Structures are given as structure tokens and as C-alpha cells.
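Structure, as C-alpha cells:
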Amino acid sequence: MQTIRIDNITKHFGNLEVLSNVDLTIEKGEFAAIVGPSGCGKSTVLRMIAGLDTPTTGQVLANGSVIRDPGPERVLIFQEHALYPWRTVEANVAFGLELAKVSAAERRTRVDEVLELVGLSGFQKYYPHQLSGGMKQRASIARALVLNPEVLLLDEPYGALDAITRLTMQNELIKLWRGTGKTVLLITHDIDEAVYLADTIHVMSPRPGRIVRTVKADMERPRNRNSAEFVALRRQVMESLDIGVYSI
Ligand SMILES: Nc1ncnc2c1ncn2[C@@H]1O[C@H](COP(=O)(O)OP(=O)(O)O)[C@@H](O)[C@H]1O
Ligand SMILES: [Mg+2]
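In our numbering, the protein residues as written are 34 to 281.
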């Protein structure tokens, strides 16, 4: 079943043409990635799927219906972890459930479940300032997951993390995706990250952004970043980005 369909959209902010004739389909349960140069409209695409913005022309659909508003079935996770500093980890994760008037008992069960899933069991009572960067990002992911969304939209989620934490988080994301069967759309400017994680990599042009190539990564997981297959996929993505980097 198809989950997300972007149907020939353009987007203008005043005179600025940000997106030009973007077409994109993400199937249910798929792990998709979008890579593209800074300012090409990646976050704009994601915000439209999240229901936080609308295209100038064309449509963005979820399961065949036009997306008009944000909803718990599609949640956005971004680089700035955006946890409330005055709330503990469990209170941060429970926040959306409080808004949805979920009972305290059920909140506790669901919060504990997702904290276990992201590897933060035992840190319920910690405040954000007592957590490492990776743990804060895990808490953000837990806060999204607790709403049981169908689609996870990640906008450069690991951009602020150090390289080693980043690799760990990538492995955790794969585990999470496999364990939950969610549809994932990851925006990244890290080509390796896209090739390591995604089933499908959509490459965007500089602004006005459009999809210049869709690369299918039919590779077993866990993927070996040094394998010939991996290097060939990375080359395909790099060539499509057209940044003149062909000597890998
Ligand atoms: N709300 C907005 N108003 C005006 N311009 C915007 C707005 N949001 C994004 N832009 C512009 O659209 C372009 C694409 O932005 P963005 O989608 O954030 O790019 P990316 O995520 O690929 O770096 C940028 O030039 C940015 O300045
Ligand atoms: Mg962005």
C-alpha cells in the first residue's frame, strides 16, 4: 500500500522558487532518504508531508488523501532535539499523550515501552541537561514514537552529533525501523548515511529543487561501507549530485 505521494508539486516563497515539479512516492514500510544540497528545499518537502506547509501547486497525499494538517500519524523529528528543559525525560515523552488526554496509567506504560525501545530505560527521571547529545536525540525519537505514528519524518536528525555517536544512532534507527515496520523518510546531506540506511535514495538538484535521480539500494543489512556494492551506490548518488566529486 502506498503511504506518501508527492504529486508534481511546486513551492514558491514570494518570488523565490524553492521546489519545481517534485514527484515522489514512498511506500508503506519503506525506508526512504532524500539527499540534496543545502537550501534545495528538503526541509520544505518534509514540512509539507508533516502538514506544516502546503505546496503552491500540486498535491501531497497520505494514503490517497490530501494532507492539510499535522496529525499524529506523521511526526517530524529534527536536529535540535527540542526537549523541554524543565521536564524530565518521561514527562517530555508523555507530553503528546497528555495533550491527547491519555490516562496517567496508560501514559506510564507507553512511555516506559518506547524508552525501552530507544535504549533509555532507567533515565525516566533525568532532565535534558543531564543527558548526552545522543541520549537527547533518543528521547526526541521516543517522544515521536509514543504517538505511534505510521510515518517518521527525520530532518537531519544526527547533524549535531559527533561522528561516532552518529554511527551508533544509525544502527539504532535501522533496528527500530525493522522492529516497528514504520515508514521512514530521512533527510540528510550525509551521502554515506543515506546509502547505509535507505532502501531508496532520492537525489535533489540545487534550488529550485527537483528529484534528479532515484537510486534503489537493494543491499543486505547490516551494510558494509567498504564493500564494492556500497561504494558503487555512493558513486551513483554523488554523480547525481553533480558536485564534481568522482574520485572516491
Ligand atoms: N517560510 C519560509 N519563508 C521564506 N523562505 C523560506 C521559508 N522556508 C524556507 N525558505 C527558503 O526556501 C529555501 C529552501 O529551504 P529548506 O527547505 O529549508 O532547504 P534545505 O532543507 O534543503 O536546506 C531556502 O532558500 C529558504 O531560505
Ligand atoms: Mg533543511
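Heads up, the beta-carbon is just placed ideally off N, CA and C, and yes, glycines get one too.
None of these values were measured; they are calculated from a predicted model.
Where residue 167 is concerned, the enclosing alpha helix (DSSP H) starts and stops at 166-178.
Within its own chain, the residues whose Cβ lies closer than 8 Å to the Cβ of residue 153, once the five positions on either side in sequence are excluded, are 122, 168, 171, 172 and 175, listed in chain order. Residue 42 and residue 258 have their C-alpha atoms spaced approximately 34 Å apart. In the structure shown, residue 217 adopts extended strand secondary structure according to DSSP, grouped into three states.
What you get when you keep residues with a C-beta closer than 5 Å to any heavy atom of ligand 1 is 46, 51, 71, 72, 73, 74, 75, 76 and 77.
Per DSSP, residue 79 is one residue of the alpha helix (DSSP H) stretching across 75-82. Shown here for residue 245: same chain residues with a beta carbon closer than 6 Å to its own, the five before and five after excluded, namely 236, 238 and 273 in chain order. Ranked by Cα distance from residue 144, the first of 117, 134 and 178 is 178.
By a beta-carbon distance limit of 8 Å, residue 240 does not contact residue 47. Their separation comes to about 14 Å. By the beta-carbon neighbour count (other beta carbons within 10 angstroms, threshold 16), residue 158 is exposed. Rounded to whole angstroms, residue 124 and residue 96 show a C-alpha spacing of 32 Å. With fewer than 16 other Cβ atoms inside 10 Å of its own Cβ, residue 117 counts as exposed. Exclusion of residue 195 from the 7 Å shell around ligand 2 follows from its C-beta lying no nearer than that to any non-hydrogen atom of the ligand.
A distance below 6 Å between beta-carbons, with the five flanking residues on each side excluded, links residue 106 to the following residues of its chain, in chain order: 182 and 183.
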